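Take a look at the structure set out below.
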Amino acid sequence: MYPPDPSALRINRVHALQDAQSISLREILAFVRSNISIIAASITVCTLLAIFYLLMATPIYSADASVLIETSRGFNTPNEAVRTDLMTDQARVENQMEIIKSHRVAQVVIAKLQLESNDEFSTSPTSISLLFQSIAKIFSGEPTAEELARERKKQSRRVQARFIERMAVRRIGQSLVMEVAFLSRSPELAAEVANEIADAYVRDIVNDRSELARRRTEWLSERLDLLQKQTFDAQRAVERFKLLGDTGPAADIRAKLAELESVSQSYRRMYDGFLQQYAETSQRVSYPEPDAKIVSQAEIPLRKTHPRSILILAFSLFLGVASGTGIALVRSTMKRSVGAPKQIPEQIGVPCLGVTSDIGGAISRNRVRIPSPPWLASVPWLAKAPWFALPPAPTGLSLSSMGDMNFALSRQLREVKASINALTLRQSSLCIGVVSPRSGSGATTVAAGLAYLYANSGKKTLLIDACNNTSRLSRELSNGDQVGLMQAMRSTDAWTQVLERETTLPFRLLPRGDQRDGDSPADRFGAKDSSFQRMREEFEVVIVDLPSLSTSSDARTIGSYLDGVVVVADFASTTIDKLTSAVGELHEARSDVLGVVLNKVDENRRVRWRM
Numbered sequence: 001m002y003p004p005d006p007s008a009l010r011i012n013r014v015h016a017l018q019d020a021q022s023i024s025l026r027e028i029l030a031f032v033r034s035n036i037s038i039i040a041a042s043i044t045v046c047t048l049l050a051i052f053y054l055l056m057a058t059p060i061y062s063a064d065a066s067v068l069i070e071t072s073r074g075f076n077t078p079n080e081a082v083r084t085d086l087m088t089d090q091a092r093v094e095n096q097m098e099i100i101k102s103h104r105v106a107q108v109v110i111a112k113l114q115l116e117s118n119d120e121f122s123t124s125p126t127s128i129s130l131l132f133q134s135i136a137k138i139f140s141g142e143p144t145a146e147e148l149a150r151e152r153k154k155q156s157r158r159v160q161a162r163f164i165e166r167m168a169v170r171r172i173g174q175s176l177v178m179e180v181a182f183l184s185r186s187p188e189l190a191a192e193v194a195n196e197i198a199d200a201y202v203r204d205i206v207n208d209r210s211e212l213a214r215r216r217t218e219w220l221s222e223r224l225d226l227l228q229k230q231t232f233d234a235q236r237a238v239e240r241f242k243l244l245g246d247t248g249p250a251a252d253i254r255a256k257l258a259e260l261e262s263v264s265q266s267y268r269r270m271y272d273g274f275l276q277q278y279a280e281t282s283q284r285v286s287y288p289e290p291d292a293k294i295v296s297q298a299e300i301p302l303r304k305t306h307p308r309s310i311l312i313l314a315f316s317l318f319l320g321v322a323s324g325t326g327i328a329l330v331r332s333t334m335k336r337s338v339g340a341p342k343q344i345p346e347q348i349g350v351p352c353l354g355v356t357s358d359i360g361g362a363i364s365r366n367r368v369r370i371p372s373p374p375w376l377a378s379v380p381w382l383a384k385a386p387w388f389a390l391p392p393a394p395t396g397l398s399l400s401s402m403g404d405m406n407f408a409l410s411r412q413l414r415e416v417k418a419s420i421n422a423l424t425l426r427q428s429s430l431c432i433g434v435v436s437p438r439s440g441s442g443a444t445t446v447a448a449g450l451a452y453l454y455a456n457s458g459k460k461t462l463l464i465d466a467c468n469n470t471s472r473l474s475r476e477l478s479n480g481d482q483v484g485l486m487q488a489m490r491s492t493d494a495w496t497q498v499l500e501r502e503t504t505l506p507f508r509l510l511p512r513g514d515q516r517d518g519d520s521p522a523d524r525f526g527a528k529d530s531s532f533q534r535m536r537e538e539f540e541v542v543i544v545d546l547p548s549l550s551t552s553s554d555a556r557t558i559g560s561y562l563d564g565v566v567v568v569a570d571f572a573s574t575t576i577d578k579l580t581s582a583v584g585e586l587h588e589a590r591s592d593v594l595g596v597v598l599n600k601v602d603e604n605r606r607v608r609w610r611m
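Note that the UniProt record's numbering has the sequence shown beginning at 1, numbered continuously upward.
Structure representation (structure tokens):
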């Protein structure tokens, strides 16, 4: 008998594939919750590294002084005044900023504060460089005076380079005020250097103006001497012409005299003008006025500038979240574990029938506080301690006691039962198999639980143990009956004996029974005279506990004769790839896979999935 075409299952798959590409906020939160330990560990590591860096890093302090450029001061010739007016304020500020950052100002400050001997600016030779220098002295002898001078010059340039790297000059807004800042490990040194840079810049301007005024004074002095001689010669020519006169018409004499007087007056005015400029320039040599002044002195900083603790801690938090999320994504991609029930229809194409808790060991886990080595039990006061507990022995829930299962487990299995009923509404009788990709996934427990639920709901139920590798149903529920599945498949009398057997279970159990070498129930399920057909007619629900796909091929063979197969997957160890392979094998064997049951899921994860 081939399985029917379940349209409800196809509709479920279509809807699942339509929602495959959608990622909701709930899934994102579920991913974060499931990987919260990795993300928290990453945040902790990054934060600890940031705190370690903040504790070990050398603090850097910044002090700044303000300098104002005054464009109204200064002395210029008329042509220079025109060019100065055409120069924009931006150009003036940029020019002065470059002057402050020049090596000339740096040399003055370094020399005055003796920064070459400061450990912050000078670099001591390493042991390797000293070794090479010693070897070089052996072969080349003592260095000459020129070599020492070149080495001192190199050291001076290195100090200047470090000095300029620590100095920063910027314009404040659109004003003519410049801010001169300096970085140092010492707050006192930072303020002292910043103030000295501003003072050196102003002194440099004063010296430049004084030198310029001195040169102009020299030039004006020479020019005055020449103008004085020319003025004297012109005046003397006028006096001589008046005294001696000249022969010729009176009109010519008066014109010549006027010309001589005009020349003499011109020289006199030029002489007076240059004499006035000479006096002003001589005064500027003695009292030069700079084009800049210090607006505010640098104060000793109270807080460090680098490293910025809040910024580094915030970045470490962001880095921890990003790296933890990345590690979780890589881990999830490589492991390809089932992160949520929604992944099963999205990635496998079959519905998730339900989620069940970790049945085995549920009781023992509630008793354990802190597992301790067994030898500690010999110590009396330790054995009586409230925190002491021996490691729990591996225990599982007895199949014979599943009739008294708790409410939580009963509710979970009822959800699975309801999903199966929804997929098999058109069938008068139900014959399903329960299989797992690998042993130990809990397929036998799920099969027994479904048998209890179907039987308690009033349906005549048969549970068949076709699991030839463990036969747990036969061992725990059949009381050692020798007549079982293999005998019922061969003989009608054996099947009648099974039906007439007294049992305390709410359902009928067909145990494994005696098995001959090489005998397999799969060989008899498809036979026309097989008792399997009578089982389907006798019972409303037939549940077959199939062997795992990794240990036997009987599951694929028997599954093709059933109405559907339920795949039970161990949430902790079954990956998407293994589950996809198992479902694919069943489809290839023409078995209709009803869906997947996720088993051994902890309660916390179940609560997160329901949110």
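Every residue, glycine too, gets a C-beta built ideally from N, C-alpha and C.
No experiment lies behind these values; they were computed from the predicted model shown.
If you draw a straight line from the Cα of L546 to the Cα of P345, it is about 23 Å long. According to the DSSP assignment, S357 belongs to the beta strand (DSSP E) that extends over 352 to 357. Inter-segment contact for the stretch 569 to 581 and the stretch 449 to 459 is absent: fewer than three beta-carbon pairs are separated by less than 8 Å. With 16 or more other Cβ atoms from the protein chains shown falling within 10 Å of its own Cβ, F507 counts as buried.
Here the C-alpha atom of V45 lies approximately 7 Å from the C-alpha atom of G320. In this structure, the alpha-carbon of E70 lies about 11 Å from that of V295. About 7 Å separates the CB atoms of S436 and V567; that is less than 8 Å, so the two are in contact.
For A455, same chain residues with a beta-carbon under 6 Å away, outside a window of 5 residues either side, are T461, P506, F507 in chain order. The beta carbon of A200 sits closer than 7 Å to those of V105, V108, V109, all from its chain and outside the five residues before and after it, given in chain order. Beta-bridge partners assigned by DSSP to H306: I60. If you draw a 10 Å sphere on the C-beta of Q276, you find fewer than 16 other C-beta atoms in it, and that means exposed. Residue environment: Y561 is assigned as buried (16 or more neighbouring CB atoms within 10 Å of its CB, all protein chains considered).
Comparing alpha-carbon positions, the option among Q228, S309, E259 lying closest to G273 turns out to be Q228. Between I300 and A191, the C-beta gap is smaller than 7 Å, which places the two residues in contact.
By the beta-carbon neighbour count (other beta carbons within 10 angstroms, threshold 16), T88 is exposed.
Between L329 and the set S24, M167, I36, the nearest pair of CA atoms involves I36. In its chain, beyond the 5 residues on either side, R536, V542, L562, D563 have a beta carbon closer than 7 Å to the beta carbon of C431. Exclusion of the five residues before and after E27 leaves A340, K342 as the residues of its chain whose Cβ lies within less than 8 Å of its Cβ.
Closest in C-alpha terms to D225, from the list S548, Y271, I164, comes Y271. The residue among S429, K417, A234 with its C-alpha nearest the C-alpha of R534 is S429. A488 and L509 have their alpha carbons spaced roughly 12 Å apart. With the rule of 3 Cβ pairs closer than 8 Å, the stretch 229 to 240 counts as touching the stretch 248 to 268. Taking all protein chains in view, the Cβ of L477 is crowded by 16 or more other Cβ atoms within 10 Å, so the residue is classified as buried. Looking at the DSSP output, I69 shares a beta bridge with A292. If you look at R170, you'll find it in the beta strand (DSSP E) that goes 167 to 171. Non-local C-beta neighbours of G442 in its own chain, meaning closer than 8 Å and more than five positions away in sequence, comprise T356, I359, G360, S436, V568, D570, N599, K600, ordered along the chain. When only Cα atoms are considered, S552 and V593 end up about 18 Å apart. Counting only the Cα atoms, T325 lies some 10 Å from S332. For T575, the three-state secondary structure derived from DSSP is strand. Taking a contact as a CB-CB distance under 8 Å, the pair A181 and A194 counts as one, their CB atoms being some 6 Å apart.
When secondary structure is reduced to three states using DSSP, I543 falls in the strand class.
DSSP places S184 inside the beta strand (DSSP E), whose first and last residues are 177 to 184.
Burial is judged here by how many other beta carbons sit within 10 angstroms of a residue's own beta carbon; T504 has fewer than 16 and is exposed. One Cα belongs to E222, the other to D204, and the distance between them is close to 27 Å. Between K293 and L68, the gap from beta carbon to beta carbon is short of 7 Å. T470 and I39 have their alpha carbons spaced roughly 41 Å apart.
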